[in-house]
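Colleague: Got a structure here, written out as structure tokens. Questions coming.
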Amino acid sequence: MTGPVRIGLIGCGFSAGLHIEGYKKLPPEQCQIVAVCGVPKEMADKFAHEHHIAAAYGSMEEMLGKVQVDAVDLAVPNYLHAPFIVEASKAGKHVFCEKPLTGYFGPPGAKDEDLIGLKVSKRTMLEEARRQVDLVMEALKSSGIKFGYAENWVYAPSYVKLWRLAKTAGGTILRIEAEESHSGSHAEYAKRWRLSGGGSLMVKGSHPLGAALQLKWWEGEHKFGKPIRAESVLCETGHLTWIDAFKQEKTHYLRTGWQDVEDWGIIVVKFEDGSVAEVKAADTTLGGVHNYCEAYLSNARLRANINPTDSCVAYAPETSIFGQEYIVEKIETKAGWTFPSPDEDWHQGYPQEVADFVAAIREDRQPISGATLAREVTLVLYAAYVSAEEGRRVDLKPILA
Amino acid sequence: MTKVRVGIVGYGNAARFHMRAWRTLGTERCEIVAVCGRSKDKAAAFAQQHGIPQSFATMDEMLASVEVDAVDLIVPNHMHAPLIIEAAKAGKHIICEKHLTGYFGQADTPEGEQIGKTIPKRDMLDKVRAQIDGVSRAVEQSGVRFCYAENWVYAPAFVKLRRLADAAGGTIMRIQAEESHSGSPSIYAKQWRTSGGGSLVLKGSHPLGAVLQLKQSEGERRSGKPIRPASVMCEVGNLTFIESLKREPKHYIKMDWKDVEDWGIMVLRFEDGSVAEIVGGDTALGGVHNYLEAYLSNARIRANINPNDSCVAYAPSPEIFADEYITEKIETKAGWTLPSPEEDWNQGYPQELLDFVTAIADDRPPISGFMLARDVTLVLYAAYVSAEEGRRVELGSVLG
Numbered sequence: 002m003t004g005p006v007r008i009g010l011i012g013c014g015f016s017a018g019l020h021i022e023g024y025k026k027l028p029p030e031q032c033q034i035v036a037v038c039g040v041p042k043e044m045a046d047k048f049a050h051e052h053h054i055a056a057a058y059g060s061m062e063e064m065l066g067k068v069q070v071d072a073v074d075l076a077v078p079n080y081l082h083a084p085f086i087v088e089a090s091k092a093g094k095h096v097f098c099e100k101p102l103t104g105y106f107g108p109p110g111a112k113d114e115d116l117i118g119l120k121v122s123k124r125t126m127l128e129e130a131r132r133q134v135d136l137v138m139e140a141l142k143s144s145g146i147k148f149g150y151a152e153n154w155v156y157a158p159s160y161v162k163l164w165r166l167a168k169t170a171g172g173t174i175l176r177i178e179a180e181e182s183h184s185g186s187h188a189e190y191a192k193r194w195r196l197s198g199g200g201s202l203m204v205k206g207s208h209p210l211g212a213a214l215q216l217k218w219w220e221g222e223h224k225f226g227k228p229i230r231a232e233s234v235l236c237e238t239g240h241l242t243w244i245d246a247f248k249q250e251k252t253h254y255l256r257t258g259w260q261d262v263e264d265w266g267i268i269v270v271k272f273e274d275g276s277v278a279e280v281k282a283a284d285t286t287l288g289g290v291h292n293y294c295e296a297y298l299s300n301a302r303l304r305a306n307i308n309p310t311d312s313c314v315a316y317a318p319e320t321s322i323f324g325q326e327y328i329v330e331k332i333e334t335k336a337g338w339t340f341p342s343p344d345e346d347w348h349q350g351y352p353q354e355v356a357d358f359v360a361a362i363r364e365d366r367q368p369i370s371g372a373t374l375a376r377e378v379t380l381v382l383y384a385a386y387v388s389a390e391e392g393r394r395v396d397l398k399p400i401l402a
Numbered sequence: 212m213t214k215v216r217v218g219i220v221g222y223g224n225a226a227r228f229h230m231r232a233w234r235t236l237g238t239e240r241c242e243i244v245a246v247c248g249r250s251k252d253k254a255a256a257f258a259q260q261h262g263i264p265q266s267f268a269t270m271d272e273m274l275a276s277v278e279v280d281a282v283d284l285i286v287p288n289h290m291h292a293p294l295i296i297e298a299a300k301a302g303k304h305i306i307c308e309k310h311l312t313g314y315f316g317q318a319d320t321p322e323g324e325q326i327g328k329t330i331p332k333r334d335m336l337d338k339v340r341a342q343i344d345g346v347s348r349a350v351e352q353s354g355v356r357f358c359y360a361e362n363w364v365y366a367p368a369f370v371k372l373r374r375l376a377d378a379a380g381g382t383i384m385r386i387q388a389e390e391s392h393s394g395s396p397s398i399y400a401k402q403w404r405t406s407g408g409g410s411l412v413l414k415g416s417h418p419l420g421a422v423l424q425l426k427q428s429e430g431e432r433r434s435g436k437p438i439r440p441a442s443v444m445c446e447v448g449n450l451t452f453i454e455s456l457k458r459e460p461k462h463y464i465k466m467d468w469k470d471v472e473d474w475g476i477m478v479l480r481f482e483d484g485s486v487a488e489i490v491g492g493d494t495a496l497g498g499v500h501n502y503l504e505a506y507l508s509n510a511r512i513r514a515n516i517n518p519n520d521s522c523v524a525y526a527p528s529p530e531i532f533a534d535e536y537i538t539e540k541i542e543t544k545a546g547w548t549l550p551s552p553e554e555d556w557n558q559g560y561p562q563e564l565l566d567f568v569t570a571i572a573d574d575r576p577p578i579s580g581f582m583l584a585r586d587v588t589l590v591l592y593a594a595y596v597s598a599e600e601g602r603r604v605e606l607g608s609v610l611g
């Protein structure tokens, strides 16, 4: 493709802000954000003004009708991912989509205050999520568009280095341990199943899960020409912020208010070759975000510390000393020892994922993190929820088939 | 001060490092007065090597011939239960290496049977419970002190973690703990008949013990009542059976596991709603990997038992540090390593014996005692049931 990739940004919240920083790093001959849309339109106008975007609209439909774009970037609530992917691909637009691909967000007509996470069986959720995934995959296949799944861990430099080392070492990846946690989302949407499609495992766990599944996929392809896929899951979820002793405490450093979603979970995956992964997510971790992936190979051991890392180490006797200087996501104090992130966006792979999406369109290939990974993550996640609810191991073969 | 007279039972590897630890306690608080073991000659040799005045072929003989206050049981796991009962009946305090007991097959189990594959884990759990009940009765009736040698409870890093947790006072919401290394060379560890299980039993029992003790003491501090585990969900695996691994020309991790797992994870839920993730594994390179991380409502604390960075070393080539010890199970002395300054002390061996001896002398319960020993064994076997049956197991009826 010659000429810049023209991008329409759908959504103007937190994710949109992250993504646009990535696009801005690319030269204008490679890509341009030509429009943004959001609800209410005033927010889109404000975002457009702040980020020097030419046009702002109140809906994706309007935007696609009025301006030429090659691709859309979906930075919208989880429950809108599937319908927007389908709409955009029908219009022949490439799609960059935040995680998750899709999920279960309640029966039609469900209200925000319906606590569907406590009422609807996880098996029903899995079936509906599967249906949505199939619809999306069908739309992608028939449209032939490029689909980028914004799993930034796949692009995080330390993870990329981990894979390069694993590939070179060549040993069997026996076990993977990965986690994303912090002290709790501020956003209300993260605390209700209707809006988020799940709790810690969905909102956070999808990252380390994606990273673990991707590693085994690549290992299989590289060594045997065939990906190594997940075969079963065993999962536990919990509501740690509902512990009585915790509720009685006067000062809460952790976020509370979790409605019908879990605030901690662990997914134990067994792969078809016999290897395993322990994937963890929690909203009950102090000390700043905690994102890492550790791989135990037969002839090596590798750990990617996505955040924190010790590339910069700081100490201050009091929290005021570093003033307004950013330290790291979700750290409670700037006093004591901290691990300031030198360039957090870069460490987490945000600009790199966006660059790959743009390059993929220009080079007429699929992005590195795409529909296949997106699908696997969604289905394994919901199967995990079934496992936790039913208290038993769940066979993934019929689900991933 | 009452001097505690100790009789050592056993003379293997573990007995050697117990002796190292005993020696650090000096001679005022305690005295090793005798050693016994199956072979009278080997017992005598051990006695001579370690300056112990007397040696015997059986514990029976030892208890009949010499005055001891306590026995230090450093024998194979399947002998723990009968020896505990015997010692208790003789009115001797007991120091017992992990494990309290386990399932090792029956008297009539055929010699080569791979019981880890043939006996349902539920049957194992039932038999273990029954045996523990017998041991429990004997210990209770005798009134002797029972000291469970779970060194993690005494490891300085873990002790500091517990002090910090006590000071912070916040709810311990989640604990993550692991013990792994690259695998035992001995055949003893690889078959159920002699080990009573695989990685979970031989390694996972350490972090499990520390986790249970942490929640026990949190509960005692808050309300005078220990917080016990309520359910377990477990997965085990044989990572060394992976085809592509077997085909590799060079193996850095130990292979030849028979009918036991070489990796396992136990996910516990406690009665207060808190959780723990506990891993035991024999497939980790890079030296032993022993740590416990506690996530409190108002703090986060991690105990790196081994390795930790109190000493950091680098050498361009493995022979540079020659015979100087680095750490347990490290594959090379080249590159960056984290040498363990004083591994016995770091792991809590002398400290546990000090607590035991003081507990016996002062007539108080040791920090690591019977309830912990019992809960660890029962949770482990319930975990095996969970992994075999592929489902969560409620612990209420198991722990009683």
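The listed protein sequences derive, respectively, from chains X and R.
Just so you know, the first sequence maps onto residues 2 to 402 in the numbering used here.
Just so you know, the second sequence maps onto residues 212 to 611 in the numbering used here.
No residue lacks a Cβ here, since even glycine has one placed at the ideal position from N, Cα and C.
#1: Just the chain X side, please: which residues come within less than 9 Å of residue 428 of chain R by C-beta, in chain order?
#2: Helix, strand or coil for residue 18 of chain X? Go by DSSP, reduced to three states.
#3: I need the boundaries of the alpha helix (DSSP H) containing residue 343 of chain R, first residue and last residue.
#4: In chain order, what residues of the same chain lie with their CB nearer than 6 Å to the CB of residue 267 of chain R, ignoring the 5 residues before and after it?
#5: Could you check whether the Cβ of residue 382 of chain R sits closer than 7 Å to any heavy atom belonging to the ligand MN?
#6: Looking at the strands, I want to know which residues DSSP matches up with residue 53 of chain X.
#7: Measure the Cβ-Cβ separation of residue 265 of chain X and residue 212 of chain X and say whether it is below 8 Å.
#8: Using a C-beta to C-beta distance shorter than 8 Å, which residues of chain X count as neighbours of residue 483 of chain R?
#9: Under 9 Å between beta-carbons, which chain R residues line up against residue 271 of chain X? List them in chain order, please.
#10: Counting Cβ pairs closer than 8 Å, one from the region 385–396 of chain R and one from the region 500–517 of chain R, do we hit at least three?
#11: Could you run through the region 158–169 of chain X and flag, in chain order, every residue whose CB is less than 8 Å away from some CB of chain R?
#12: Tell me, please, whether the CB atom of residue 510 of chain R is closer than 8 Å to any CB atom in chain X?
#13: Taking 6 Å as the limit between beta carbons, can you name the residues of its chain near residue 133 of chain X, skipping five residues before and five after?
#14: Count the other CB atoms, across all protein chains shown, that sit within 10 Å of the CB of residue 418 of chain R; report buried if there are 16 or more and exposed otherwise.
#15: List in chain order: all unbroken alpha helix (DSSP H) runs of 4+ residues lying wholly within the region 520–560 of chain R.
#16: Closest to residue 189 of chain X by C-alpha separation, out of X:34, X:258, X:320 and X:333, would be which residue?
#17: Starting from residue 444 of chain R, follow the beta strand (DSSP E) in both directions and report where the run begins and ends.
#18: Nearest-angstrom Cα distance between residue 414 of chain R and residue 463 of chain R?
#19: Give a yes or no on contact between the region 429–445 of chain R and the region 145–161 of chain X, applying the rule of three or more CB pairs nearer than 8 Å.
#20: Let me see if you follow: with CB-CB separation under 8 Å, is residue 454 of chain R close to chain X or not?
#21: Just to confirm, is the Cβ distance from residue 580 of chain R to residue 228 of chain R under 8 Å?
#22: Just curious, the beta strand (DSSP E) that residue 316 of chain X is in, first and last residue?
#23: Can you check which of these residues, X:248, X:179 and X:130, is closest to residue 215 of chain X by C-alpha distance?
#24: Quick one: is residue 334 of chain X near chain R, going by C-beta distance under 8 Å?
#25: Is it true that the CB of residue 172 of chain X sits closer than 8 Å to the CB of residue 301 of chain X?
#26: My output table needs one value for residue 403 of chain R: the three-state DSSP class, helix, strand or coil.
#27: Does residue 603 of chain R get closer than 8 Å to chain A when you measure Cβ to Cβ?
#28: What residues in the region 282–315 of chain X have a beta carbon less than 8 Å from any beta carbon of chain R?
#29: Any C-beta of chain X within less than 8 Å: which residues of the region 457–471 of chain R qualify?
#30: With a Cβ-Cβ cutoff of 8 Å, do residue 99 of chain X and residue 72 of chain X count as a contact?
#31: Note the first and the last residue of the continuous beta strand (DSSP E) segment covering residue 357 of chain R.
#32: Spell out whether any CB of chain R is found under 8 Å from the CB atom of residue 417 of chain X.
#33: Checking contacts by CB at 8 Å: is residue 592 of chain R closer than that to chain X?
#34: How about residue 224 of chain X: is its C-beta nearer than 8 Å to some C-beta of chain R?
#35: Does residue 526 of chain R have its Cβ less than 8 Å from a Cβ in chain X?
#36: Could you check where the alpha helix (DSSP H) with residue 306 of chain R kicks off and where it finishes?
Modeller: So, from the listed chains and residues:
#1: Result: empty, since nearest Cβ-Cβ is about 14 Å, beyond 9 Å.
#2: The three-state reading of DSSP puts residue 18 of chain X in helix, counting H, G and I together.
#3: 332–353 is the extent of the alpha helix (DSSP H) around residue 343 of chain R.
#4: In chain order, 247 and 273 place their CB closer than 6 Å to the CB of residue 267 of chain R, counting only its own chain and leaving out the 5 sequence neighbours on each side.
#5: This structure does not include the ligand MN; it has no bound ligands of any sort.
#6: Residue pairing for residue 53 of chain X: DSSP places it in no beta bridge.
#7: The answer is no: Cβ separation not under 8 Å.
#8: Contact note: residue 483 of chain R reaches chain X through 244, 245 and 246, using a C-beta cutoff of 8 Å and chain order.
#9: Here the neighbours are 446 and 448.
#10: Touching, per the Cβ criterion.
#11: Hits within the stretch: zero.
#12: So yes, residue 510 of chain R belongs to the interface.
#13: Excluding residues within five positions, the ones whose Cβ falls inside 6 Å are 83 and 103.
#14: With 16 or more other Cβ atoms within 10 Å, it is buried.
#15: Look at the region 520–560 of chain R and you find these whole runs of alpha helix (DSSP H), each 4 residues long or longer: 554–558.
#16: Measuring from the Cα of residue 189 of chain X, the nearest candidate turns out to be X:258.
#17: Counting along the chain, the beta strand (DSSP E) containing residue 444 of chain R begins and ends at 440–448.
#18: Taking the straight line joining both Cα atoms gives about 19 Å.
#19: Here the region 429–445 of chain R does not lie against the region 145–161 of chain X, with fewer than 3 beta-carbon pairs under 8 Å apart.
#20: With 8 Å as the cut-off, residue 454 of chain R counts as an interface residue toward chain X.
#21: Here residue 580 of chain R is not near residue 228 of chain R, since their CB atoms are 8 Å or more apart.
#22: Its beta strand (DSSP E) spans residues 315–317.
#23: Nearest of X:248, X:179 and X:130 to residue 215 of chain X, Cα basis: X:179.
#24: By the rule that beta-carbons nearer than 8 Å mark a contact, residue 334 of chain X does not touch chain R.
#25: It is a contact, given that the beta carbons lie within the stated cut-off.
#26: Helix.
#27: Among the chains of the structure shown, chain A does not appear; the protein chains present are X and R.
#28: Listed in chain order, the positions of the region 282–315 of chain X with a beta carbon within less than 8 Å of a beta carbon of chain R are 283, 285, 286, 287, 288, 297, 298, 299, 300, 301 and 302.
#29: Against chain X - using a Cβ distance shorter than 8 Å - the residues of the region 457–471 of chain R are 459, 461, 462, 463 and 464.
#30: With contacts defined as CB atoms closer than 8 Å, residue 99 of chain X and residue 72 of chain X fail to qualify as a contacting pair.
#31: Unbroken beta strand (DSSP E) run through residue 357 of chain R: 357–360.
#32: Outside the modelled stretch of chain X, which goes from 2 to 402, sits residue 417 of chain X, for which no answer is possible.
#33: Any Cβ of chain X closer than 8 Å to the Cβ of residue 592 of chain R would place that residue at the interface, and such an atom is absent.
#34: At least one CB of chain R lies nearer than 8 Å to the CB of residue 224 of chain X.
#35: Chain X contact via Cβ: absent.
#36: Run containing residue 306 of chain R: none in the alpha helix (DSSP H); it sits in the beta strand (DSSP E), 304–308.
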